[in-house]
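S.K.: A single structure is presented below for examination.
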Amino acid sequence: MMPVEVRIEDLVRLELVTEDEAQGSQKRVFKKLKKAGLVSSFRDGTGLFMLSQKKMSDCIFLDSDTRLCTVYERRPGVCRQFPSIGPRPGYCPCIK
Ligand code: SF4
Numbered sequence: 003m004m005p006v007e008v009r010i011e012d013l014v015r016l017e018l019v020t021e022d023e024a025q026g027s028q029k030r031v032f033k034k035l036k037k038a039g040l041v042s043s044f045r046d047g048t049g050l051f052m053l054s055q056k057k058m059s060d061c062i063f064l065d066s067d068t069r070l071c072t073v074y075e076r077r078p079g080v081c082r083q084f085p086s087i088g089p090r091p092g093y094c095p096c097i098k
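Using my numbering, the first residue of the sequence shown is number 3, and each one after it goes up by one.
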């Protein structure tokens, strides 16, 4: 699975970051989330945070047993662009 890149607004929707924190330094947000093991990197130029991965390079929000997204209703924007064939609750577009 490809690493998932998210924006600050995705992190707010996921309730990993508060609105107040989002208004402040993104580098500070990165440090906090990195410490918590939630993200692996941050690119200042693009404002993209890379979500951490679990074993077998699964997204940290993928349930290892059911293979469903555990944050489907709050999933990042990039995960919403797929599939193009309407919503499939719980379905992670990164799973083949
Ligand atoms: S849909 Fe869910 S499990 Fe899949 S990459 Fe996005 S956040 Fe992770």
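Beta carbons: idealized from backbone N, C-alpha and C, even for Gly.
Keep in mind that this is a model prediction, so the values were computed, not measured.
Within the same chain, show all residues whose beta-carbon is closer than 7 Å to that of D12, passing over the 5 residues directly before and after it, in chain order.
M.R.: If we look at D12 and ignore the five residues flanking it on each side, its Cβ neighbours are P78 and G79.
S.K.: What do you get for Q28, buried or exposed, if any count of 16 or more other CB atoms within 10 angstroms of its CB means buried?
M.R.: With 16 or more Cβ atoms within 10 Å of its Cβ, Q28 is classed as buried.
S.K.: Below 6 Å, is the gap between the Cβ of V41 and the nearest heavy atom of the ligand SF4?
M.R.: Every heavy atom of the ligand SF4 is 6 Å or more from the Cβ of V41, so no.
S.K.: Could you spell out where the beta strand (DSSP E) holding R102 opens and where it closes?
M.R.: There is no way to answer for residue 102, as the model of the chain reaches only from 3 to 98.
S.K.: On the DSSP bridge list, what partners appear for V14?
M.R.: Answer is none; V14 lacks a bridge partner.
S.K.: Does the beta carbon of L64 fall short of 6 Å from some heavy atom of the ligand SF4?
M.R.: Because some heavy atom of the ligand SF4 lies under 6 Å away, the Cβ of L64 counts as near it: yes.
S.K.: What does F44 pair with, by DSSP beta-bridge criteria?
M.R.: BP columns for F44 point to F51.
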